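K.L.:
Quick one: the structure is below, and I'll ask about it shortly.
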């Protein structure tokens, strides 16, 4: 008998606009000692399905339509809130996407860790502390005896996720539900956390439900995979079956969305458009000086897409912002088409800004929530005198066509769009002034994989159409290789290696590059 | 292209679509519209008072004394035999003017001051906000008395003096909003488009900070009206026979056991005005929050 048997589970949300079937009769099993992955894009119902079993979906508006979820022979759906509370945190534990919001910033790690132990098992404080220290060691936290007295903000994102995992394990659960546990992390950290989950699951023989939007992430660790779309499981099978011969078109779409392959050599010109020499961007915070970018030199030829990879804190975003004069540069030169950008002021700078633009990471933050699409797109056109008030509406509609937005949406506000559509608006704004050079700062890392693929395709097509030169910044080597002509690898504010995608993948010289390559999820698929 | 889109674009070309949308949404909010209508009514009455008031504002009838409402004096008379309706109408001129002008002064100074300090940051911010702190620390009564002593007593000065005190909190609120907003990527995007700082503040930052500002404004207007009453009561504001709602209420409160109407009617007028203001303020805040709208 499986550890968890879900049969015909249905969950709806009752709103003013009618009933929305979030989960529509799904069935799956989770075996002890196996990892079952549930894959689907946002809104597919994958999280709702798992949360509803644990009574974590607010009702109303939520409503369980039917079905059963037998955990260890007992139906979770029939349990009272009090019974469920006992099961949660003791037999079934969860880890979430963002470990920062799940930890109480005012409590020491140790106190938070032992809380469930003291609560559910009635263990003494000293004993619980001992257990917590032991577990922290097990999830790979160095010197657990002293770090247990730290506050959450003293840990990095990856370390916090380790702490969360240790917390989840403290009551020796038999089922672990991991909801996008690596989505907020860098690739290298992601690889470590995935490995940790797989190891812990084997050594403890527990069942794991791994929720993700990205098939590639689970390619190495999942035993069973269920693919969800619009509340239904459209395909289910073991890993080999899904990856080698997926039958459902949606699964095939997910598989093809995994960025793979290199880029065929484009028509890069010989002349250099951007020349960066000994760029230094340092930040001062109190006494400390953070050398975000430390003596970096590179060139981008006209029409070329230069990929820039590195983990968070490597200075890759700061380089992009330095080129566009969005952060003050400490030293060095940034030459754009023969002009030193770092020295420009006033109208000369404004004129230069027309020629170089930026696409931001988070399409929810990069658009003014109180400006319609029309105003957002018209602003740069009017500012730089590219269009007059009379002619601007035609130009805006043309832009919307270019980036694949419905013309009828012209008067809508950003919150009325999905993440992918919002990124299209942001791309439209960046391209409005017909720039020659665009810095794309992680433009797809906040998006679902299928949407990622669409946006990457769009950027590729527009890049060709507009004759763009691009600096493409990302922590994801696979995405960069897919798009870029050349790749620069950044580590702690310095360039450690550069080359074409193929040469870098085939023959990485630096240990850091090798590590980055090794961290790409599902790399055997590439 | 369908006609709807063409029409939409024609509208959008006017430019200030946020305000137009807000107006459309505000009109759907019945309470807010009611508040607006009542306020406009009050303002029109106040403007027309010299021509439509039933009596002269300083006409006394000492033989009459304090009488309850009657056909000749709809809201009764005070101890000097002055018509209460007339007093309320003339008082409204002062009170509404103080409320709106002083609040506008506070808004103008506070919002620009806070926006600039919050946006520029660094040393400029420190200097600007320390100045605010110093003014905060100054007892405002002393400040106003000083102004009165130096410039002599007049109504315009009173407006300015109150406004000059009230802008401090406004500046604080605005600066706090600015500091969180300027971290947002859309501000960076605006910089990279080449927009000048003034435009970024005006188009991108202030509209996103309007919610708390509007709420605080609707709280400021009544407190300004009461402040005026307090100052007048101390002899620093306006003097009889000129009057204001605040003065009428404080005199009415003294005699409320014998002549309750002298308190009830001015109080009722002020209450209705404040309710209208709050309804309008809430409506405006919702209307300007595009995310809350259900179209």
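Protein chains in written order, with the working numbering: chain U, 1 to 526; chain W, 1 to 295. We treat Cβ as the ideally placed atom computed from N, Cα and C, and that holds for glycine. This structure is a prediction, so every number in the text was calculated from the model and none was measured.
1. I'd like to know whether the C-beta of residue 26 of chain W is nearer than 8 Å to at least one C-beta of chain U.
2. Alpha carbon to alpha carbon, what distance is there between residue 148 of chain U and residue 206 of chain U?
3. For residue 218 of chain U, count the other beta carbons within 10 Å of its own beta carbon; 16 or more makes it buried, fewer makes it exposed. Which is it?
4. Would you please verify whether the beta carbon of residue 208 of chain W is less than 8 Å from any beta carbon of chain U?
5. Which residues does DSSP list as the beta-bridge partners of residue 20 of chain U?
6. Examine the Cβ distances between the segment 173-181 of chain W and the segment 345-360 of chain U and report whether three or more of them are shorter than 8 Å.
7. Taking a cut of 7 Å between CB atoms, which residues from the segment 163-196 of chain W lie near chain U?
8. Given this structure, state the Cα-to-Cα distance separating residue 8 of chain W from residue 367 of chain U, to the nearest angstrom.
9. With a 10 Å radius around its C-beta and 16 neighbouring C-beta atoms as the bar for buried, classify residue 527 of chain U as buried or exposed.
10. Whole angstroms are fine: how far does the CA of residue 135 of chain U sit from the CA of residue 167 of chain U?
11. Answer with yes or no whether the minimum CB distance from residue 434 of chain U to chain W is below 8 Å.
12. Could you please give me the residues that DSSP links to residue 209 of chain U through a beta bridge?
13. When DSSP labels each residue in this structure, what does residue 142 of chain U get in the three-state scheme?
14. For residue 179 of chain U, which of U:474, U:102, U:3 has the nearest alpha-carbon?
15. Short check: CB of residue 89 of chain U to CB of residue 120 of chain U, under 8 Å?
16. Check the Cβ of residue 429 of chain U against every Cβ in chain W and list those closer than 8 Å, keeping chain order.
17. Are the beta-carbon atoms belonging to residue 213 of chain U and residue 41 of chain U less than 8 Å from one another?
18. Select from W:275, W:189, W:236, W:87 the residue whose C-alpha is nearest the C-alpha of residue 379 of chain U.
19. Can you list the residues of chain U that residue 120 of chain W reaches, using a CB-CB cut of under 9 Å?
20. Got a sec: which bits of the segment 336-367 of chain U sit with their beta carbon under 7 Å from any beta carbon on chain W, in order along the chain?
21. Got a sec: which bits of the segment 408-420 of chain U sit with their beta carbon under 8 Å from any beta carbon on chain W, in order along the chain?
22. I'd like the span of the alpha helix (DSSP H) that includes residue 165 of chain W, first residue to last.
23. Whose CA, out of U:152, U:33, U:232, lies closest to the CA of residue 527 of chain U?
24. Can you confirm whether the segment 378-395 of chain U touches the segment 459-470 of chain U when touching is taken to mean that 3 or more C-beta pairs between the two stretches lie within less than 8 Å?
25. Over the uninterrupted beta strand (DSSP E) stretch that includes residue 285 of chain U, give me the two end residues.
26. Quick one: give me the first and last residue of the beta strand (DSSP E) that residue 36 of chain W is part of.
27. Please list the terminal residues of the continuous beta strand (DSSP E) segment that includes residue 69 of chain U.
28. Would you kindly work out how many angstroms separate the C-alpha atoms of residue 284 of chain U and residue 123 of chain W, rounded to a whole number?
29. Please determine, among U:370, U:411, U:455, the residue with the shortest C-alpha to C-alpha distance to residue 420 of chain U.
30. Does any CB atom of chain W fall closer than 8 Å to the CB of residue 370 of chain U?
31. To the nearest angstrom, how far is it from the Cα of residue 94 of chain U to the Cα of residue 252 of chain U?
32. Measuring alpha carbon to alpha carbon, tell me which of U:61, U:432, U:280 ends up nearest residue 14 of chain U.
33. Check distances from the C-beta atoms of the segment 288-318 of chain U to those of chain B and list, in chain order, the residues that come in under 7 Å.
34. CA-CA distance, residue 146 of chain U and residue 491 of chain U?
35. Cα-Cα, which of W:288, W:212, W:271, W:237 is closest to residue 152 of chain W?
36. Let me make sure I understand the geometry here. Which of U:22, U:460, U:514, U:463 has the alpha-carbon closest to that of residue 229 of chain U?
P.N.:
Reading off the structure:
1. Any Cβ of chain U closer than 8 Å to the Cβ of residue 26 of chain W would place that residue at the interface, and such an atom is absent.
2. 25 Å
3. buried
4. yes
5. U:13
6. Touching, no, given that fewer than three Cβ pairs across the two stretches are closer than 8 Å.
7. 184, 185, 186, 188, 189, 191, 192, 193, 194, 195
8. A caution first: residue 8 of chain W carries a pLDDT of 46, below 50, which makes its placement in the model unreliable, though a value can still be read off. Using only the alpha carbons, I get a separation of about 21 Å.
9. Outside the shown range of chain U, which is 1 to 526, sits residue 527 of chain U, and nothing can be said about it.
10. Computed Cα separation, rounded: 8 Å.
11. no
12. U:36, U:177
13. coil
14. U:102
15. Against a cut-off of 8 Å, the Cβ pair of residue 120 of chain U and residue 89 of chain U comes out as a contact.
16. 189, 193
17. yes
18. W:189
19. In chain order: nothing, as chain U lies at least about 14 Å away.
20. In summary, the residues of the segment 336-367 of chain U whose CB is separated from some CB of chain W by less than 7 Å are 350, 353, 354, 357, 358, 360, 362, 365, 366, 367, in the order they occur in the chain.
21. 408, 410, 411, 413, 415
22. 155-181
23. Examination of residue 527 of chain U is not possible in this model, given that chain U is present from 1 through 526 alone.
24. No: fewer than three Cβ pairs fall under 8 Å.
25. 272-285
26. Element bounds for residue 36 of chain W: not the beta strand (DSSP E) but the alpha helix (DSSP H), 30-52.
27. 62-71
28. 15 Å
29. U:455
30. Look at residue 370 of chain U: its C-beta is under 8 Å from a C-beta on chain W.
31. Just so you know, the alpha carbons of residue 94 of chain U and residue 252 of chain U end up roughly 29 Å apart.
32. Ranking the options by Cα distance to residue 14 of chain U, first place goes to U:61.
33. In the displayed structure, chain B is absent; the protein chains listed are U and W.
34. 29 Å
35. W:237
36. U:22
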